[in-house]
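Beneath this line is the structure, given in structure tokens, with notes to follow.
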Amino acid sequence: MHVGLLMNFDIKHRPSYALLEVKLEPNESIRAEAGAMTYMSPNIDVRTVMRESSFIETLGLKLLGGQSFFVNEYAAKYSSGVVGLVSAPLGDIAHLVVSDGRGFIIQKSAYVASSPTIDLD
11 MHVGLLMNFD IKHRPSYALL EVKLEPNESI RAEAGAMTYM SPNIDVRTVM RESSFIETLG
71 LKLLGGQSFF VNEYAAKYSS GVVGLVSAPL GDIAHLVVSD GRGFIIQKSA YVASSPTIDL
131 D
């Protein structure tokens with residue numbers, strides 16, 4: 011497992027059929043594209059949330075970029091758990107570090123997952 015900004019993850023089966031496996035500690039969560047989850051531990055809670063903070067921003071992403079209105083948040087409750095995520099279409103997965111003043115513009119369907127604190131606008 012790699013540790014990326016305090017989150018344990020591993021990218022398996024690279025490059026053609028990459029799978030992101032994230033180990034979540036109790037009360038830790040990850041946000042992922044709708045439909046990206048392939049497996050998860052039974053103690054993981056799933057919650058569907060709107061992609062952006064406002065309906066207008068989300069509507070703009072849907073109309074202009076073909077993005078989904080919603081993303082899923084996976085959270086480990088009471089004990090650690092694992093979530094397996096894939097990209098659609100299948101391909102490689104890269105870890106990109108986002109910070110203040112350093113964001114990324116990615117093509118439609120390239121987003122797989124992020125920390126819930128990352129702004130997806």
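Our numbering numbers the first residue of the sequence shown as 11 and each following residue consecutively.
Idealized CB from N, CA, C, for every residue including glycine.
Here the structure is a predicted model, which means the values were calculated and not measured.
Item to check | 6 Å CB neighbourhood of alanine 85 in its chain, flanking five on each side removed | outcome: Here alanine 85 has Ser39 and Asp55 as same chain residues with Cβ atoms under 6 Å from its own Cβ, once five neighbours each way along the sequence are excluded.
Checklist entry - For alanine 104, which of Ser90, Leu30 and Thr127 has the nearest alpha-carbon? => result Comparing Cα positions, the closest option is Leu30.
Item to check | Spatial neighbours of glycine 94 in its chain, beta-carbon cut-off 6 Å, leaving aside the 5 residues before and after | outcome: The beta carbon of glycine 94 sits closer than 6 Å to those of Leu29, Glu31, Thr48 and Tyr49, all from its chain and outside the five residues before and after it, given in chain order.
Checklist entry - Just the Cα atoms here: how many angstroms apart are glycine 101 and proline 25? => result Between the C-alpha atoms of glycine 101 and proline 25 there is a straight-line separation of about 6 Å.
Item to check | valine 108 beta carbon less than 8 Å from that of phenylalanine 114 | outcome: Going by C-beta atoms, phenylalanine 114 is nearer than 8 Å to valine 108.
Item to check | C-beta contact flag for valine 81 and valine 59 at 8 Å | outcome: Cβ atoms of valine 81 and valine 59: closer than 8 Å.
Item to check | Rounded C-alpha distance that separates aspartate 135 from histidine 23 | outcome: Outside the displayed span of the chain (11 to 131) sits residue 135, for which this structure offers no information.
Item to check | Short Cβ contact (8 Å threshold) for serine 124 with alanine 98 | outcome: Taking 8 Å as the Cβ cut-off, serine 124 and alanine 98 do not qualify as a contacting pair.
Next on the checklist: Only counting the same chain, and skipping five residues up and downstream in sequence, which positions put a Cβ closer than 7 Å to that of glutamate 35?
Outcome noted: Annotation for glutamate 35: Ala86 and Ser90 place their beta carbon closer than 7 Å to its own, counting only its chain and skipping 5 residues before and after.
Item to check | Where the beta strand (DSSP E) through valine 59 begins and ends | outcome: That run of the beta strand (DSSP E) goes 54–60.
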